[in-house]
Amino acid sequence: MRSIKFLTLITALFMAASAAMGAVTIRTTGVRVGDIFSIEETFPAGTKSATISFNGVTLPLMPDGSGKWSALLGVDLEAAEGPAPLTITHTLSGGEKYAEEVPLNILPRVFREQHITVDDSKVFLSDEDRERANRENREIRAVLAKTTDKRLWDSSFIVPIKGRYSSPFGLQRYYNGEKGSYHSGLDIAAAKGAEISSASEGRVALVGDYFYTGNTVFIDHGLGLYTAYFHMESVAVKEGEMVGLGELLGKVGSTGRSTGPHLHWGVYVGGVKVDPLSLVSVTKNLD
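Okay, here's the thing in structure tokens:
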């Protein structure tokens with residue numbers, strides 16, 4: 004069973020700095036491996052841009068018009084525990100740059116194992132299938148590497164379908180006895196043909212039929228945040244479309260490497276895989 008240590012629901016970090024610096028607030032369900040968290044800082048008038056760097060990922064912060072800038076970040080599933088400082092940089096209209104380091108501590112998280120039996124062709128790939136899977140992986144990574152410089156979502160994120168959580172985020176999976184990767188999303192069991200909704204507002208960034216994930220949709224929510232919907236029976240949207248909260252994306256299926264009808268729901272921040280339920284929790288707390 005997983006062993007989880009929780010951080011305080013809301014952690015506020017105030018740093019002594021020059022007049023050009025502000026107060027940093029981190030809001031999170033706990034800075035654990037695989038979690039997403041929100042950071043907010045107040046900058047002086049005349050700030051024209053700001054970025055945040057964490058564990059090799061740099062993302063823009065978005066202003067709200069009152070001097071507050073914010074962003075969502077994620078802790079990689081395989082990140083090392085312990086100190087992992089954030090670096091926040093902002094640039095004033097005159098070109099002056101200021102940087103500050105914010106201490107952060109990543110807490111441990113232990114995940115269960117899961118043993119799955121699938122067709123051997125989905126585990127021991129032919130040369131043709133391996134080439135296809137690698138090509139598709141590069142295509143998906145290229146999409147996730149793009150960062151829209153504004154926030155596209157307004158509503159708190161919702162779970163995109165009702166159903167039993169059949170496989171939680173982070174399981175160490177074994178396929179036909181062979182060790183695989185960690186489970187990068189949340190599996191929700193549902194009847195074939197059940198409707199899948201968009202978790203929040205955004206733009207359809209990618210639609211495709213892939214070896215592992217079957218019929219797939221990726222939604223860009225801006226500022227490096229994406230949600231993913233795998234194993235769909237059918238897709239109801241096209242690339243480039245804007246979708247609203249709860250809008251129909253497609254229907255539940257069992258395409259790709261799948262053992263039965265379900266939705267695999269994934270969340271990525273700056274290309275980092277994070278627990279979808281932590282996104283629901285964090286954005287609810289931002290209301």
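Here the sequence shown is numbered in our numbering, starting from 4 and rising by one per residue. Heads up, the beta-carbon is just placed ideally off N, CA and C, and yes, glycines get one too.
I think residue i touches residue j, with their Cβ atoms under 8 Å apart; what is that distance to the nearest whole Å?
| i | j | result |
| --- | --- | --- |
| residue 238 | residue 253 | 4 Å |
| residue 172 | residue 279 | 7 Å |
| residue 200 | residue 139 | In fact, because the Cβ distance is near 25 Å, the residues do not count as touching under 8 Å. |
| residue 54 | residue 61 | 5 Å |
| residue 277 | residue 270 | 5 Å |
| residue 82 | residue 42 | About 16 Å; that fails the 8 Å criterion. |
| residue 188 | residue 268 | 5 Å |
| residue 90 | residue 99 | Their Cβ separation, rounded to whole angstroms, is 17 Å, which puts residue 90 and residue 99 out of contact at 8 Å. |
| residue 152 | residue 63 | 6 Å |
Going along the chain, which residues of its own chain have a beta-carbon closer than 7 Å to the beta-carbon of residue i, five neighbours each way excluded?
| i | result |
| --- | --- |
| residue 196 | 236, 254 and 255 |
| residue 34 | 10, 40, 78, 107, 108, 109 and 110 |
| residue 86 | 106 and 108 |
| residue 275 | 60, 77 and 79 |
| residue 146 | 208, 209 and 221 |
| residue 194 | 255 and 264 |
| residue 261 | 217 and 234 |
| residue 158 | 203, 204 and 248 |
Could you have a look at residue i and say whether DSSP puts it in helix, strand or coil?
| i | result |
| --- | --- |
| residue 115 | coil |
| residue 38 | coil |
| residue 123 | helix |
| residue 218 | strand |
| residue 170 | strand |
| residue 286 | helix |
| residue 102 | strand |
| residue 81 | coil |
| residue 162 | coil |
| residue 64 | coil |
| residue 261 | coil |
| residue 86 | strand |
| residue 96 | coil |
| residue 139 | helix |
| residue 281 | helix |
| residue 53 | strand |
| residue 107 | coil |
| residue 32 | Any reading at residue 32 needs caution, since the residue's pLDDT is 43, under 50, leaving its predicted position unreliable; the model's value is listed next. Note: residue 32 maps to coil in three-state DSSP. |
| residue 155 | coil |
| residue 131 | helix |
| residue 145 | helix |
Answer with buried or exposed for residue i, where buried requires no fewer than 16 other C-beta atoms within 10 angstroms of its C-beta.
| i | result |
| --- | --- |
| residue 115 | exposed |
| residue 163 | buried |
| residue 120 | exposed |
| residue 68 | exposed |
| residue 127 | exposed |
| residue 144 | exposed |
| residue 272 | buried |
| residue 93 | buried |
| residue 231 | buried |
| residue 186 | buried |
| residue 223 | buried |
| residue 174 | buried |
| residue 170 | buried |
| residue 122 | exposed |
With a threshold of 6 Å on Cβ separation, who are the neighbours of residue i within its own chain once the five nearest residues in sequence on each side are excluded?
| i | result |
| --- | --- |
| residue 292 | One cannot answer for residue 292 here, as it falls past the ends of the chain, which runs 4 to 290. |
| residue 167 | 192 |
| residue 154 | 65, 225 and 226 |
| residue 32 | No answer about residue 32 holds up, because its pLDDT of 43 lies below 50 and its placement is not dependable. |
| residue 161 | 202 |
| residue 219 | 211, 213 and 233 |
Can you confirm whether residue i, when its beta carbon is compared against all beta carbons of chain B, has any partner nearer than 8 Å?
| i | result |
| --- | --- |
| residue 181 | Going by chain labels, chain B is absent from the structure shown, which holds only one protein chain. |
Which residues in the same chain as residue i place their Cβ atom closer than 8 Å to its Cβ, once the five residues preceding and following it in sequence are excluded?
| i | result |
| --- | --- |
| residue 84 | 36, 109, 110 and 111 |
| residue 96 | 49, 50 and 51 |
Would you list, in sequence order, the uninterrupted beta strand (DSSP E) runs of no fewer than 3 residues that lie entirely inside the region 181–243? 181–185, 188–192, 198–200, 205–213, 217–225 and 228–238
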